[in-house]
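Going down the list, the protein sequences come from chains A and B. Those letters in the first sequence? Residues 1 to 236, by our numbering. Those letters in the second sequence? Residues 1001 to 1275, by our numbering. Ideal Cβ positions, reconstructed from N, Cα and C, are used throughout, including at glycine. For clarity, every value in this text was computed on a predicted model and none was experimentally measured. Let me begin by presenting the structure, written as structure tokens, before commenting on it.
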Amino acid sequence: MNMQTNILVEARELTKIYGKTLAVNQMNLVIPRGKIIGLLGPNGNGKTTLIKMMAGLLTPTSGSILIHGYPPGVASKSRISYLPERTYLQHGTKVCDIIHFFEDFYEDFSTKKAREMLDALQVPLDARLKTLSKGTKEKVQLILVMSRDADLFILDEPIAGVDPAARDYILKTILSNYNPAASILLSTHLITDIENILDEVIFIQNGQVLAQMTVEQIREEHGQSVDAYFRRIFAC
Amino acid sequence: MLKKLLKYDWILMWRIPAMINLFLVVITLLGIIFLLSPAWQMDDSDSMFFFLTKMLLTFFYIIFLIAGSITIMVYIAVRYYKNIYTDEGYLTNTLPADPWQIVLSKLLVSSVWILITGILVVLSILSLVAANLITMEYATLEDLFIAIPELFGLIADEIDLPGPIIILISIFSAILGSMLNVLIIFSSIALGQLFSKHRVAGAFLWYILQYVIIQFANNLLLNLPVVYYSEHLSYHDSEIITRALWSGQMLGSILLSGLLFFLTEILLRKNLNLE
């Protein structure tokens, strides 16, 4: 496999400005295939903005972002499985209807996989979303996202706001459904919880990539855990 | 993909418009029953109570018709806004579908509901007028069945076009009108997204602005043929003027619809900025 096909995402001079706020500043970034990558950085430093540009939900002010060599569009959206930090499902909908929806729209969606995970969670298929707790709704959404056989999984704060047991479940779900040919981009500031599953980390500060390195590099070269290294470089 | 989008847009949308239309049917049926009942036929010249009751019932009937029509429009606007520009938009806009497919699907589903509501409102008014004519003994049901085709024939003679063509043009105009109404809403919401804050208020402002401009442009397009023909034709050539008016109105609606669809689509494709 050559380098070109190994690249899933490539951002060049990517910039996003909201009014007078510079959220992403001439960012250059490459996301390779086959890695679990942590997108780390303090709140308000451009993580979600970057992710939303990858998902095609935000239009860059300047620069470019390519997914599989294509700008965000139909082709990229059919290969990206995106979990936003909010619930995007209609509250009145039944779980089974949402499964049918994903089944219809995404060719790579595995209904069998989704049903198995929902069974394990004891979520009734005929339950309406509004009857489920916030945590369960988030898990349902994660199950839907992870039941796809996508090239790139983008998970924005998947473990924020859930209890430790739910965190374990979410991380287990991510790992057990991970296809080694794909990549997972995981945005969070709860580093300790996810550090063990990461291959690489991308540190974001002031809308720019501060560093991109493997977890091994951090441990070997700096003799620190990712969490400790994060605390050091982002010390106030 | 368009077929799938249509399916889900229909499933997610049908309940409220169906309830509103059912409500319109119910009040029409109640109206007919009441108009044909002995109570309505009672002489109210001596009774202020009966007179006021009739006035109030008529007033509420008109209010319900207007409210039903407005509620459908508001519901379409809210559904479109929520489904594309709020949390639900995180799903809608990450589906592997082209923006034109997303807009077209919602446009078709919304237009169908506006069309159904419009037809129901017209039928409701006609039914009540017919019921009133029968009650007042101005006409029998048989008379009405004879009079309606006659009236239709008179219109056909006036315009000098075959009846089936008039029916087709009327259906086409109604569909076009429904789509234009929906597109004014969609494009206003899309234009509202150009504001960095208060995007809903922005959409509302755009709606008013667009409505005024479109009315003005439509009137202009409608009157151009009249001005042109009035210089060359006499009053007796009314069928030519009527045809020119129809053509102008339809051409204007087609052009405006195309423009607003293009605007809505391009703003969704090139300027999506979900908060």
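Could you check the C-alpha separation between residue i and residue j for me, to the nearest Å?
| i | j | result |
| --- | --- | --- |
| threonine 1058 of chain B | leucine 22 of chain A | 59 Å |
| isoleucine 51 of chain A | valine 1109 of chain B | 32 Å |
| leucine 1024 of chain B | alanine 1203 of chain B | 29 Å |
| leucine 1029 of chain B | tryptophan 1014 of chain B | 22 Å |
| isoleucine 1020 of chain B | serine 1124 of chain B | 13 Å |
| asparagine 25 of chain A | aspartate 193 of chain A | 29 Å |
| histidine 68 of chain A | valine 1212 of chain B | 46 Å |
| alanine 1201 of chain B | leucine 1133 of chain B | 46 Å |
| valine 1103 of chain B | leucine 58 of chain A | 18 Å |
| glutamate 1275 of chain B | valine 215 of chain A | 32 Å |
| glutamine 205 of chain A | alanine 211 of chain A | 9 Å |
| phenylalanine 203 of chain A | glutamine 224 of chain A | 15 Å |
| glutamine 122 of chain A | threonine 1053 of chain B | 58 Å |
| alanine 1097 of chain B | alanine 114 of chain A | 22 Å |
| glutamate 221 of chain A | methionine 213 of chain A | 11 Å |
| valine 201 of chain A | threonine 61 of chain A | 25 Å |
| asparagine 1093 of chain B | leucine 1255 of chain B | 27 Å |
| leucine 1091 of chain B | leucine 40 of chain A | 24 Å |
| isoleucine 1070 of chain B | methionine 117 of chain A | 44 Å |
| aspartate 97 of chain A | lysine 1004 of chain B | 13 Å |
| threonine 87 of chain A | threonine 48 of chain A | 15 Å |
| valine 237 of chain A | glutamine 217 of chain A | Only positions 1 to 236 of chain A appear in this structure, which leaves residue 237 of chain A out of reach. |
| tyrosine 1138 of chain B | phenylalanine 1049 of chain B | 25 Å |
| isoleucine 1159 of chain B | isoleucine 1165 of chain B | 11 Å |
| leucine 1144 of chain B | phenylalanine 1152 of chain B | 12 Å |
| alanine 1039 of chain B | threonine 1135 of chain B | 11 Å |
| proline 1099 of chain B | proline 1149 of chain B | 45 Å |
| valine 1074 of chain B | phenylalanine 1262 of chain B | 22 Å |
| leucine 1209 of chain B | glycine 1192 of chain B | 12 Å |
| valine 140 of chain A | asparagine 28 of chain A | 34 Å |
| asparagine 1223 of chain B | alanine 1244 of chain B | 9 Å |
| isoleucine 1171 of chain B | arginine 1079 of chain B | 26 Å |
So, at 7 Å on beta carbons, what are the nonlocal neighbours of residue i in its own chain, with the 5 sequence-adjacent residues on each side left out?
| i | result |
| --- | --- |
| isoleucine 1027 of chain B | Tyr1061 and Phe1064 |
| threonine 179 of chain A | With the sequence shown as reference, residue 179 of chain A is identified as asparagine, and threonine is not the correct amino acid for it. Same-chain partners within the cutoff: Asp149. |
| valine 1122 of chain B | none |
| isoleucine 1011 of chain B | none |
In its own chain, which residues sit with a C-beta less than 8 Å from the C-beta of residue i, not counting the 5 before and 5 after it?
| i | result |
| --- | --- |
| proline 124 of chain A | Val95 |
| alanine 127 of chain A | Lys94 and Val95 |
| aspartate 163 of chain A | Gly135 |
| serine 1196 of chain B | none |
| leucine 1128 of chain B | Thr1028, Gly1031, Ile1032, Leu1035 and Tyr1061 |
| asparagine 1219 of chain B | none |
| lysine 130 of chain A | His91 and Gly92 |
| serine 110 of chain A | Ser147, Arg148 and Asp149 |
| isoleucine 280 of chain A | For chain A, the structure presents residues 1 to 236; residue 280 of chain A sits outside this window and is missing. |
| glycine 63 of chain A | Ala11, Arg12, Glu13, Leu14, Thr15, Gln26 and Met27 |
How far does the alpha helix (DSSP H) with residue i in it extend, from its first residue to its last?
| i | result |
| --- | --- |
| arginine 232 of chain A | 226-233 |
| threonine 188 of chain A | Where threonine 188 of chain A is concerned, there is no enclosing alpha helix (DSSP H), although the beta strand (DSSP E) it sits in stretches over 183-188. |
| asparagine 1083 of chain B | 1048-1085 |
| leucine 1128 of chain B | 1099-1135 |
| asparagine 43 of chain A | Neither: asparagine 43 of chain A is in no alpha helix (DSSP H) and is coded neither H nor E. |
| tyrosine 1008 of chain B | 1002-1013 |
| asparagine 1181 of chain B | 1163-1192 |
| valine 95 of chain A | 95-105 |
| threonine 192 of chain A | 191-194 |
Specify, as a first and last residue, the run of the beta strand (DSSP E) that residue i falls within.
| i | result |
| --- | --- |
| arginine 12 of chain A | 7-18 |
| proline 32 of chain A | 21-32 |
| phenylalanine 203 of chain A | 200-205 |
| alanine 211 of chain A | 208-214 |
Among the residues of its own chain, which have a CB less than 6 Å from the CB of residue i, if the five just before and after it don't count?
| i | result |
| --- | --- |
| glycine 1163 of chain B | Ala1156 |
| leucine 1260 of chain B | Leu1183 and Ser1187 |
| methionine 146 of chain A | Thr173 and Asn177 |
| phenylalanine 234 of chain A | Pro42 |
| isoleucine 1169 of chain B | none |
| serine 1111 of chain B | Ser1178, Met1179 and Val1182 |
| lysine 1082 of chain B | Glu1088 |
| tyrosine 1207 of chain B | Ser1188 |
Tell me, to the nearest whole angstrom, how far the beta carbon of residue i is from that of residue j; I am working on the premise that it is less than 8 Å.
| i | j | result |
| --- | --- | --- |
| leucine 186 of chain A | isoleucine 65 of chain A | Rounded, the Cβ-Cβ distance is 18 Å, inconsistent with contact. |
| leucine 190 of chain A | valine 226 of chain A | Leucine 190 of chain A to valine 226 of chain A, Cβ: 11 Å. No contact. |
| isoleucine 1266 of chain B | asparagine 1181 of chain B | Actually they do not touch by this definition, with Cβ atoms about 20 Å apart. |
| isoleucine 170 of chain A | isoleucine 159 of chain A | 5 Å |
| aspartate 156 of chain A | proline 84 of chain A | 5 Å |
| isoleucine 1066 of chain B | proline 1017 of chain B | Contact flag wrong, Cβ pair sits at about 16 Å. |
| serine 1247 of chain B | glycine 1177 of chain B | Incorrect: roughly 15 Å between the Cβ atoms, too far for contact. |
| threonine 1264 of chain B | alanine 1190 of chain B | 5 Å |
| isoleucine 31 of chain A | leucine 8 of chain A | 5 Å |
| isoleucine 1185 of chain B | isoleucine 1076 of chain B | 6 Å |
What are the complete beta strand (DSSP E) segments, minimum 3 residues, inside the segment 143-176 of chain A? 152-156
- Ranges of the alpha helix (DSSP H) found wholly within the segment 56-80 of chain A, counting only runs of at least 4: 74-77
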